[in-house]
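For reference, the structure discussed in these notes is given below.
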Amino acid sequence: MQVSRQRYTPNDVGPSPLEWSAPQLSQVSELITNGFVGTASPFYTDESGVPYLYGSNVRPNRIDFKGIRYITHDFHEQESKTALKSGDLLMVQSGHIGETAVVPSNLEGANCHAIIVTRLKKDFVHPDYLSYYINSEIGRARLKGLEVGSTILHINTKDLKKFRVLLPSLLEQKKIARILSTWDQAIVTIEQLLESSLLQKKGLMQELLTGKLRLQGFHSDWRLIALGKLFKERVETGLNDLPLLSITTEEGVINRKDVGRKDTSNADKSKYLRICQNDIGYNTMRMWQGVSGISNQEGIVSPAYTVLIPQTGVDSLFASYLFKLPSLVHVFYRYSQGMVSDTWNLKYSNFAKIKWLVPNLDEQKAIVKVLLVADQEIQILRAKLTCLNQEKKSLMQQLLTGKRRVKVDELEAV
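So in the numbering used here, the last one in the sequence shown is 422, and the numbering has no gaps at all.
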C-alpha cells in the first residue's frame with residue numbers, strides 16, 4: 009500500500025492511504041465554537057429545564073448522564089448559539105482534554121458549558137467515525153500538540169479549526185464506525201455484568217460478614233472480641249534482601265514494581281517491616297479509607313504500614329474481607345488519631361482495642377469460600393474486559409489509519 013504522510017502532529021496525520029483526504033477540521037465543519045463560559049449555577053433548575061452538559065459528562069465516544077444539570081429555558085434561549093443538535097461533536101476543552109462524544113438524538117436541543125462544539129458537514133464526515141478517530145491513540149497523541157496553558161492545559165477553538173482529520177470515503181467511515189460500535193456494545197455488556205457482579209459481592213459481604221445471612225449448618229452465636237486478641241503486630245526489621253512490597257486499596261499487597269508509579273522509597277531500608285504470607289498489612293494513615301490487604305508472599309513494606317499476624321481463631325482471608333466492610337472501616341476512622349485527615353493514623357495500640365462480632369473459624373472459612381467464588385467471577389469479567397479493550401485498541405489503530413481496509417458496498421449507504 010502506498011503511503012504519503014509520515015509523522016503524527018496536529019498538522020500531519022501520519023502514514024495513510026493516498027486516496028484518503030486530510031482536511032482541516034474547519035473545512036469539513038459548519039460550526040466550531042465554545043459552550044457557555046461563565047457562572048451558570050444561578051440558572052440551574054429541575055428536570056423540567058434544558059439538559060446542560062459539562063466536560064464531566066463527556067467520555068470517549070459516549071455521554072455520561074450521571075450528575076447531569078438542567079438550566080432554565082430563558083438562559084438556554086440567551087445562549088442559543090450553543091444549542092446542541094443530534095450528531096454534534098462535543099470535545100472536552102480542559103481536564104481530560106480531547107475526550108470526544110457525539111450528541112445523541114435524546115439530547116437534541118440541550119446546551120453545554122465550556123465544551124468545544126463541532127457541527128460537521130455530514131456529506132463529508134460521519135460524526136461517529138470522527139469521534140472514534142479523535143479518541144484513538146493517534147488522535148489523542150496529535151491533539152497533545154494543541155494543548156496550551158502554563159497552569160491549566162486546554163485547547164483553543166482557533167487551533168482546533170486547523171487540526172487535520174484523516175478521512176476515507178464517507179461509506180468507509182460509516183463501515184468503520186459500525187464495526188467499532190459493535191465492539192463498544194460488547195464492552196458495555198461486560199461492563200454492566202461486572203458492575204452487577206461487584207454490587208452482588210458488596211451485598212453478599214454486607215449480609216455474610218455481619219451475620220444477617222447465615223450459611224446452612226451454622227447456628228453458633230458470634231463472639232464480640234477485641235481485634236488485639238485476633239492479631240498481633242509484626243515488627244521485624246533489617247531484612248533488606250527481601251522484595252519490596254506495597255499495599256493498595258484495590259489489589260491488596262503487591263510487588264512494588266507492579267504499582268506503576270515511580271519508586272520514591274528510602275534507599276536505606278533497614279527500618280522496613282517484614283511481612284509474611286497470610287499476614288495482613290494496612291496503611292497506618294489510610295486504614296480509615298480501607299487500605300489493607302492480605303499478603304501472598306514474604307517481603308518488606310514501608311514503616312508507614314502496620315503488619316498484623318493472624319492468631320488462632322481467625323482466618324486471614326476472612327479478615328481481609330472483613331476489613332473492607334464499610335461499617336468496620338468507619339470504626340477504623342473513629343479510632344484513628346490526628347489533628348487533620350492528612351495526619352489521621354490507626355496505630356496497632358488503637359487497632360487492638362476495637363471489638364467486633366466474629367463467627368467461629370469453620371463459619372469464617374465457609375464465608376470465605378462464597379466470597380472467593382464471587383471474586384473469581386469478577387476476575388473473569390475483568391480479564392474479558394481487558395482483552396476486549398486491547399483488541400479494540402489494536403483494531404482502531406489499523407482501521408483508522410488505513411493499515412486494514414474494510415469492504416464497502418454502495419448499497420450500504422444510509
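Ideal Cβ placement from N, Cα and C applies to all residues, glycine included. Just so we're clear, the structure is a prediction, and the values are computed from it rather than from any experiment.
Nearest-angstrom Cβ-Cβ length linking residue i and residue j, presumed shorter than 8 Å
i, j, result
"Ile-123", "Leu-168", "12 Å between Cβ atoms; not a contact."
"Ile-195", "Lys-401", "At roughly 11 Å, the Cβ-Cβ gap does not stay under 8 Å, so Ile-195 and Lys-401 are not in contact."
"Thr-256", "Gly-301", "7 Å"
"Leu-151", "Ile-105", "7 Å"
"Arg-70", "Lys-93", "About 18 Å; that fails the 8 Å criterion."
Neighbour-count burial assignment, residue i, 16 or more Cβ in a 10 Å radius
i, result
"His-134", "buried"
"Leu-407", "buried"
"Asp-72", "exposed"
"Arg-423", "Outside the shown range of the chain (9 to 422) lies residue 423, about which nothing can therefore be said."
"Gly-46", "exposed"
"Asp-82", "exposed"
"Lys-170", "exposed"
"Asn-119", "buried"
"Ser-139", "buried"
"Leu-26", "exposed"
"Leu-238", "buried"
"Ala-374", "buried"
"Pro-251", "exposed"
"Glu-107", "buried"
"Lys-411", "exposed"
Straight-line gap, residue i to residue j (C-alpha atoms, nearest Å)
i, j, result
"Ile-308", "Trp-296", "22 Å"
"Gln-101", "Tyr-60", "16 Å"
"Asp-417", "Leu-179", "8 Å"
"Lys-265", "Leu-247", "18 Å"
"Met-213", "Pro-334", "10 Å"
"Ala-208", "Asp-249", "A small fix is needed here, since residue 208 is Gln in this sequence, not Ala. Their Cα atoms are separated by approximately 42 Å."
"Val-315", "Leu-330", "16 Å"
"Leu-75", "Asn-65", "Before going on, a small fix: residue 75 reads as Gly here, not Leu. Their backbone Cα atoms lie some 8 Å apart in a straight line."
"Ser-310", "Ser-254", "8 Å"
"Ala-185", "Lys-332", "42 Å"
Helix, strand or coil at residue i according to DSSP, with G and I counted as helix
i, result
"Tyr-60", "strand"
"Gly-211", "helix"
"Arg-231", "strand"
"Trp-28", "coil"
"Lys-240", "strand"
"Lys-355", "coil"
"Phe-171", "coil"
"Gly-147", "helix"
"His-121", "strand"
"Pro-50", "helix"
Contact with chain B by residue i, beta-carbon distance below 8 Å
i, result
"Gly-147", "The structure shown contains no chain B, having only a single protein chain."
Inset, instruction - Would you check if the stretch 126-145 and the stretch 34-52 touch, i.e. whether three or more CB-CB distances between them fall below 8 Å? - result: With the cut-off at 8 Å, the stretch 34-52 and the stretch 126-145 touch.
Legend entry - Cβ pair count under 8 Å reaching 3, the stretch 321-328 against the stretch 349-357: By the C-beta criterion, the stretch 321-328 is judged not to be in contact with the stretch 349-357, since fewer than 3 inter-stretch pairs fall below 8 Å.
Inset, instruction - Taking 8 Å as the threshold, find out whether the stretch 360-372 comes into contact with the stretch 218-238 through three or more Cβ pairs. - result: Contact between the stretch 360-372 and the stretch 218-238 is present, with at least three C-beta pairs closer than 8 Å.
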